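Heads up, the thing below is written out as structure tokens.
Protein chains: 2
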Amino acid sequence: MDNFTFYAPTYFVFGKDQEDEAGKYVKRFGGTRVLIHYGGGSVVRSGLLDRVKASLDKEGLWHTELGGVKPNPRSGLVYEGIELCRKEKVDFVLAVGGGSTIDSSKAIAAGTIYDGDFWDFYQGKFVEKALPIGTILTIAAAGSEGSPDSVITNENGMFKRGATGEGFRPTFSILDPALTQTLPPYQTACGITDIMAHLLERYLTNTKEVEVTDRLIEGLLLTMIHEGPRVIADPDNYEARANIMWAGMMAHNNSCGVGRSQDWSSHNIEHELSAVYDCAHGAGLAVVFPAVMEYVYTHDVMRFAQLAVRVWGCSMDFADPEKTALEGIRRFRAFLVSIGMPQNFAELGADAKDIPAMAKCAVWGDGRSGHIGGFIQLSEEDIVKIYRSMV
Amino acid sequence: MDNFTFYAPTYFVFGKDQEDEAGKYVKRFGGTRVLIHYGGGSVVRSGLLDRVKASLDKEGLWHTELGGVKPNPRSGLVYEGIELCRKEKVDFVLAVGGGSTIDSSKAIAAGTIYDGDFWDFYQGKFVEKALPIGTILTIAAAGSEGSPDSVITNENGMFKRGATGEGFRPTFSILDPALTQTLPPYQTACGITDIMAHLLERYLTNTKEVEVTDRLIEGLLLTMIHEGPRVIADPDNYEARANIMWAGMMAHNNSCGVGRSQDWSSHNIEHELSAVYDCAHGAGLAVVFPAVMEYVYTHDVMRFAQLAVRVWGCSMDFADPEKTALEGIRRFRAFLVSIGMPQNFAELGADAKDIPAMAKCAVWGDGRSGHIGGFIQLSEEDIVKIYRSMV
């Protein structure tokens, strides 16, 4: 196991109606002037935004708001939020929404107290501090409610890039599974796929003998396999929603990724797709991840066989472990299809003519140096081949 | 899933030789006057204590020390530590040792800034604050390095009782698996048993549909089953030690116990044994836990069958699930024997004549009200029967 540090000081409040206590938690953690950041649509229509405001009012907390976050959140709104926070002397950013809203909130929270351009963080600068961030999560997917990470798309070139740092761990996060019960099946399935992808990026390691984190990852994957179809069949199933919500947080707070190399090539390859086509990140991952696996599995057949046996319930073919490895990937793909995810470029609305440009951008764009991936290093040529296998 | 809050803000530093950075972390987290608290023996002999002192000296930190913590740590030394901390205006308690040393440090850290008797916390008062606590862990077992819990034995009556509260979460914990390589096999096995017991106390739940935490617990148990025999056979195995060490923290920081009822009757029943005979807590648990399971499994046969199939690799007997449940308990017992743990009163050095007094104390002693246990409520009569089954 590699040496590591792990620090996850977010205060989690989990359960039905806990969002009505948002004001109490903002106050407990020192906020006095609050930016409420959100997307729009259901957060407004469902009355959630009003409930959150009422909760802040109850505690006598001043607040302003900025809506309009889109999936694959953009830099333009981040700049707007930073300007607003500075003007209004905001000291607490409260995100009400999913991963996009939380990621945009993180960018605003860091950018507000940073002298330079916030985009510096998305080109590799470590986020040491930010305004305190609270989250009220409305979709189990990105894990941003417990992670030190954020992904933003720069409208100047449509680069989609991630930033990380201790300043990005939310101060508190409210997880109410009931808020996710109104999600359409497609969005729910995208979230399930994203959670599984966070686990699998960590599973594709070159670090030997990491049984404890292997087992934790496998346990969370098995949870998703059990709960995913239940919630697609019955969106109102609170218990299934609750299990997925906690699994989504655990999948990405890195308690199951410590001390081991990780991959993240699938995320990088997908980011080009959602940057260009504005498709849902989870849907993009459903197409990309099995394709990457098929491209890289020969690097460590036994790791893929382990995944196939322990997670996908395959019988081990002791005479030909490669068959088992491939059967596991096949079952993963079949699972994704069963919950309504796309399998190829056409279903995603992607176009093969963009492959050369996307592959180039994935390995060379905005600060990269010709390769991506921690499991094996993938070149531009490799990525072209992977994209082509999805057509 | 039940509503819950989860807050685990300990900064973990994991890996070889990280204890030489102790001074740096004390300083980062605001300590200036440090009590180094430890047991004795190996911490001194191995030179670890001197290395820790050198690390504090390097950062210019004033320190004093208090050794002499024994397994099943006693109230007398806690009172002594509180007096020393007050006299010397200590503002940081640094525990160097295992669970007993950490638990004693927690009691001192809370007691120093509390107006009343520190024992109040061990009779149910929630620990809201304490002096900041750092730990340098030397045995993977109690999980106290990441937990909000502490167990102390009151010499006035030999009551062994637990306390809990957010003030008890260590500020930082240094986990160096290499420090555990010199542990004798018996102590290592006691630690393995304690870790498994922390997981199983959480597994024995009445909360329905808690797949995510079931799977996390099962994953950590599978880790112990894989790594336990490896480390008993080869005490120098760093990788096995590392996996066990992280599993031990995860087993008890409650990320896998949230949102579900838990049991803890085995711990309570064992505490009487180690209070009376001063046996190792893990050894006591090895005798108690399978006996409790055999006594309570009919309350939820399918839960025990699930444990048997998923963790112990039993084949499900669909015609007679009870057989599967019992086979799981049998394999658990066989595993404990295989790593050198005792199976009965005689091997533990316990005496059947003490059973009535221990059973009485378990359910009535020092603040209890006639029952223990979250899975099923156990009365004095039940506990007599359980103890008798161990003779």
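Protein sequences, first through last, are from chains C and H.
Counting with our numbering, you get residues 1155 to 1545 for the letters of the first sequence.
Counting with our numbering, you get residues 1155 to 1545 for the letters of the second sequence.
The C-beta atom is built at its ideal place from N, Cα and C for all residues, glycine as well.
Being a predicted model, the structure only gives us computed values, none of them experimental.
request  = Tell me, please, whether the region 1448–1459 of chain C touches the region 1430–1438 of chain H by the rule of three or more beta-carbon pairs shorter than 8 Å.
outcome  = A contact between stretches requires three or more CB pairs, one per stretch, nearer than 8 Å, and the region 1448–1459 of chain C fails this requirement with the region 1430–1438 of chain H.
query = Along chain H, in chain order, which residues have C-beta atoms closer than 7 Å to that of residue 1409 of chain C?
reply = Taking the first sequence and counting its residues from 1, one reaches residue 1409 of chain C at position 255. Near residue 1409 of chain C (Cβ distances below 7 Å), the residues of chain H are 1404, 1409.
task = Mind checking who residue 1098 of chain C pairs with in its DSSP beta bridge?
result = Chain C is shown from 1155 up to 1545; residue 1098 of chain C falls before or after that span and cannot be answered.
inquiry  = Whether or not the region 1164–1171 of chain C and the region 1327–1335 of chain C are in contact is what I'm after, with contact meaning three or more pairs of Cβ atoms, one per stretch, closer than 8 Å; do they touch?
reply    = Flag = yes, the region 1327–1335 of chain C and the region 1164–1171 of chain C touch.
inquiry  = For the region 1340–1347 of chain C against the region 1341–1359 of chain H, do three or more pairs of beta-carbon atoms, one drawn from each stretch, fall closer than 8 Å, so that the two count as touching?
reply    = No, they do not touch.
inquiry  = Using C-beta distances below 7 Å, list every residue in its chain close to residue 1371 of chain C, excluding the 5 sequence neighbours before and after it, in chain order.
reply    = Taking the first residue of the first sequence as position 1, residue 1371 of chain C is located at position 217. Counting only Cβ-Cβ distances below 7 Å, and skipping sequence neighbours, we find 1353, 1356, 1357, 1410.
query = Just the Cα atoms here: how many angstroms apart are residue 1161 of chain C and residue 1504 of chain H?
reply = Walking along the first sequence from the start, residue 1161 of chain C turns up at place 7. Walking along the second sequence from the start, residue 1504 of chain H turns up at place 350. Taking C-alpha positions only, residue 1161 of chain C is separated from residue 1504 of chain H by approximately 42 Å.
task = Determine, using beta carbons only, whether residue 1400 of chain H comes closer than 8 Å to chain C.
result = Within the second sequence, numbered from 1, the residue matching residue 1400 of chain H stands at position 246. Yes, residue 1400 of chain H counts as interfacial toward chain C.
task = Tell me, to the nearest whole angstrom, how far the beta carbon of residue 1446 of chain H is from that of residue 1420 of chain H; I am working on the premise that it is less than 8 Å.
result = Taking the second sequence and counting its residues from 1, one reaches residue 1446 of chain H at position 292. Taking the second sequence and counting its residues from 1, one reaches residue 1420 of chain H at position 266. The C-beta separation of residue 1446 of chain H from residue 1420 of chain H comes to about 5 Å, placing the pair in contact by the 8 Å criterion.
query = If contact means a Cβ-Cβ distance below 7 Å, which residues of the region 1367–1400 of chain C contact chain H?
reply = Going along the region 1367–1400 of chain C in chain order, one finds 1369, 1370, 1372, 1373, 1374, 1376, 1377, 1380, 1381, 1393, 1396, 1397, 1400 with a Cβ nearer than 7 Å to chain H.
query = Can you give the Cα-Cα distance for residue 1186 of chain H and residue 1248 of chain H, rounded to whole angstroms?
reply = What you label residue 1186 of chain H is simply residue 32 of the second sequence in a count that begins at 1. What you label residue 1248 of chain H is simply residue 94 of the second sequence in a count that begins at 1. In a straight line, the C-alpha of residue 1186 of chain H is about 12 Å away from that of residue 1248 of chain H.
inquiry  = Three Cβ pairs or more, each shorter than 8 Å: is that satisfied between the region 1279–1286 of chain C and the region 1217–1232 of chain C?
reply    = Judged by pairs of C-beta atoms under 8 Å, the region 1279–1286 of chain C does not touch the region 1217–1232 of chain C, as fewer than three such pairs exist.
task = Can you give me the Cβ contacts of residue 1521 of chain C inside the same chain, cut-off strictly under 8 Å, excluding the 5 residues immediately before and after it?
result = Taking the first residue of the first sequence as position 1, residue 1521 of chain C is located at position 367. Excluding the 5 residues flanking it on each side, residue 1521 of chain C has same chain C-beta neighbours closer than 8 Å at 1277, 1278, 1315, in chain order.
query = Within 8 Å (strictly less), CB to CB, does residue 1166 of chain H reach chain C?
reply = Indexing the second sequence from 1 puts residue 1166 of chain H at position 12. Output row for residue 1166 of chain H: interface = yes.
request  = Pair every Cβ in the region 1287–1300 of chain C with every Cβ in the region 1246–1265 of chain C, then say whether three or more of these pairs are closer than 8 Å.
outcome  = Touching, per the Cβ criterion.
ask   = Opposite residue 1288 of chain H in the DSSP bridges: which residues?
value = Walking along the second sequence from the start, residue 1288 of chain H turns up at place 134. The beta-bridge partner set that DSSP reports for residue 1288 of chain H consists of H/1248, H/1326.
query = Can the beta-carbon of residue 1517 of chain C be found closer than 8 Å to that of residue 1526 of chain C?
reply = Translated into positions along the first sequence, residue 1517 of chain C becomes position 363. Translated into positions along the first sequence, residue 1526 of chain C becomes position 372. Yes, the Cβ-Cβ distance between residue 1517 of chain C and residue 1526 of chain C is below 8 Å.
Limits of the unbroken beta strand (DSSP E) element including residue 1162 of chain H = Here residue 1162 of chain H refers to the residue found at position 8 of the second sequence. Its beta strand (DSSP E) spans residues 1158–1168.
request  = Would you please verify whether the beta carbon of residue 1162 of chain C is less than 8 Å from any beta carbon of chain H?
outcome  = Reading the first sequence from its first residue, position 8 is the one you call residue 1162 of chain C. Closer than 8 Å to some Cβ of chain H, the Cβ of residue 1162 of chain C qualifies, so yes.
inquiry  = Assuming contact is defined by CB atoms lying nearer than 8 Å, are residue 1265 of chain C and residue 1324 of chain C in contact in what I supplied?
reply    = Position 111 of the first sequence holds residue 1265 of chain C. Position 170 of the first sequence holds residue 1324 of chain C. No.
query = Closer than 8 Å, Cβ to any Cβ of chain H: which residues of the region 1168–1198 of chain C, in chain order?
reply = Listed by position, the residues of the region 1168–1198 of chain C near chain H (Cβ gap below 8 Å) are 1168, 1169, 1170, 1172.
query = Can you find a CB in chain H that lies within less than 8 Å of the CB of residue 1365 of chain C?
reply = The residue you call residue 1365 of chain C lines up with position 211 of the first sequence. Interface residue, yes.
task = For residue 1242 of chain H, I'd like the list of residues in its chain whose CB is within less than 6 Å of its CB, leaving aside the five on either flank, ordered along the chain.
result = Locating residue 1242 of chain H in the second sequence gives position 88, where the first residue counts as 1. In the same chain as residue 1242 of chain H, and ignoring 5 residues on each side of it, the C-beta atoms closer than 6 Å to its own belong to 1218, in chain order.
ask   = So, using beta-carbon positions, are residue 1381 of chain C and residue 1398 of chain C closer together than 8 Å?
value = Within the first sequence, residue 1381 of chain C is the residue found at index 227, counting from 1. Within the first sequence, residue 1398 of chain C is the residue found at index 244, counting from 1. Yes; because the gap between Cβ atoms is below 8 Å, this pair is in contact.
ask   = Between the region 1172–1191 of chain C and the region 1201–1215 of chain C, are three or more C-beta pairs nearer than 8 Å?
value = Touching, yes, given that three or more Cβ pairs across the two stretches are closer than 8 Å.
message = Counting only C-beta atoms, is residue 1316 of chain H closer than 8 Å to chain C at any point?
response = The residue labelled residue 1316 of chain H in the question sits at position 162 within the second sequence. With 8 Å as the cut-off, residue 1316 of chain H does not count as an interface residue toward chain C.
ask   = Which one of H/1523, H/1335, H/1387, H/1404 has the shortest CA to CA distance from residue 1196 of chain H?
value = Taking the second sequence and counting its residues from 1, the one referred to as residue 1196 of chain H is at position 42. The shortest Cα separation from residue 1196 of chain H among H/1523, H/1335, H/1387, H/1404 belongs to H/1335.
query = Under the three-state reduction of DSSP, which class applies to residue 1301 of chain C: helix, strand or coil?
reply = Residue 1301 of chain C sits at position 147 when you count from the first residue of the first sequence. In the structure shown, the three-state DSSP call for residue 1301 of chain C is coil.
query = How many Å lie between residue 1418 of chain C and residue 1165 of chain H at the Cα?
reply = Here residue 1418 of chain C is taken as the residue at index 264 of the first sequence, counted from 1. Here residue 1165 of chain H is taken as the residue at index 11 of the second sequence, counted from 1. Straight-line Cα distance between these residues: approximately 25 Å.
request  = Assign residue 1183 of chain H to one of three DSSP states: helix, strand, or coil.
outcome  = Here the question's residue 1183 of chain H lines up with position 29 in the second sequence. In the three-state DSSP reduction, residue 1183 of chain H falls in the coil class, being neither helix nor strand.
task = Measure the C-alpha to C-alpha separation of residue 1205 of chain H and residue 1199 of chain H and round it to an integer number of angstroms.
result = For the purposes of this step, residue 1205 of chain H is taken as the residue at position 51 of the second sequence. For the purposes of this step, residue 1199 of chain H is taken as the residue at position 45 of the second sequence. When only Cα atoms are considered, residue 1205 of chain H and residue 1199 of chain H end up about 11 Å apart.
request  = With DSSP as the reference, please indicate the residues paired to residue 1314 of chain C in a beta bridge.
outcome  = Within the first sequence, numbered from 1, the residue matching residue 1314 of chain C stands at position 160. BP columns for residue 1314 of chain C point to C/1307.
message = So with CB distances below 9 Å, who are the chain H contacts of residue 1412 of chain C?
response = Counting from one through the first sequence, the residue named residue 1412 of chain C turns up at place 258. For residue 1412 of chain C, the chain H residues whose Cβ falls inside 9 Å of its Cβ are 1166, 1168, 1400, in order along the chain.
Contiguous alpha helix (DSSP H) assignments of at least 4 residues, all confined to the region 1354–1400 of chain C = Qualifying alpha helix (DSSP H) stretches, in chain order: 1365–1387.
Same chain, Cβ closer than 7 Å to residue 1426 of chain H, neighbours up to 5 away in sequence not counted = Position 272 of the second sequence, counting from 1, holds the residue named residue 1426 of chain H. Taken in chain order, the residues that qualify are 1512, 1515, 1516.
inquiry  = In this structure, how does DSSP classify residue 1414 of chain H when only helix, strand and coil are distinguished?
reply    = Along the second sequence, read from residue 1 onward, the residue named residue 1414 of chain H stands at position 260. In the three-state reduction of the DSSP assignment, residue 1414 of chain H falls in the coil class.
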